[in-house]
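Protein chains in written order, with the working numbering: chain A, 39 to 156; chain B, 633 to 744.
Backbone N, C-alpha and C define an ideal beta-carbon position, used for all residues, glycine too.
Keep in mind it's a predicted model, so treat the numbers as computed, not measured.
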């Protein structure tokens, strides 16, 4: 069983389209995250949700809208895709948001979704 | 946030011990140090974390001197499958609200 799973693994689309990436974790964690890794391999946090509540929005354009229907799922919807959105998007989860026992702050990442905007 | 500096790349041969050092001169009192590993086409994977002195698990050891301005990830007897990017992260338990700030990382290449 994959702990953090993302679908699709690859996504190729045209500029201007709207697309969604789904993420599910079966670890029973409270917190989920979205990260973006660009072509230079820099990995940057985009969002985090704790118990379905948005905690972090790291100055991401509002074309990106995360949705958390429940604690186990955090989906990412992207409107009006642009060339610069091409990247690998990673979902992650941790048992808790921060503080206390360090082991509970460890983040577990999915395998990533490679988005190519043509 | 404390900035981290690591070598961009390192090479080693199978069976050798590899030590990757990370500098974090501005580390704060509440900051802890975490290392992640990323293989090509995969997400980062937690390796080890610590606050001071030495931490060891089944994968690696983490050495943190008393001043905590640097840390060293030690990988014993590396194999080809240890070829990956290794990230050193420094963060506060509470103020970053779980944010992980990844730098460039160190590309470790293990040769036969």
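For residue 676 of chain B, the closest Cβ of chain A is nearer than 9 Å. Around the CB of residue 73 of chain A, 16 or more other CB atoms lie within 10 Å, so the residue is classed as buried.
Spatial neighbours of residue 655 of chain B in its own chain (CB-CB distance under 8 Å, excluding positions within 5 residues in sequence) are listed in chain order as 636, 637, 638, 701, 702. When DSSP states are grouped into helix, strand and coil, residue 68 of chain A belongs to the coil group. Under DSSP, the beta-bridge partners assigned to residue 104 of chain A are A:114.
DSSP, reduced to helix, strand and coil, places residue 124 of chain A outside both helices and strands of the structure shown, so it counts as coil.
Under the three-state reduction of DSSP output, residue 76 of chain A falls in the coil class, being neither helix nor strand. Against chain B, a Cβ distance below 7 Å from residue 128 of chain A picks out 675. With distances taken between CA atoms, residue 125 of chain A lies nearest to A:155 out of A:114, A:155, A:146, A:131. The beta carbon of residue 153 of chain A does not come within 9 Å of any beta carbon belonging to chain B, so the residue lies off that interface.
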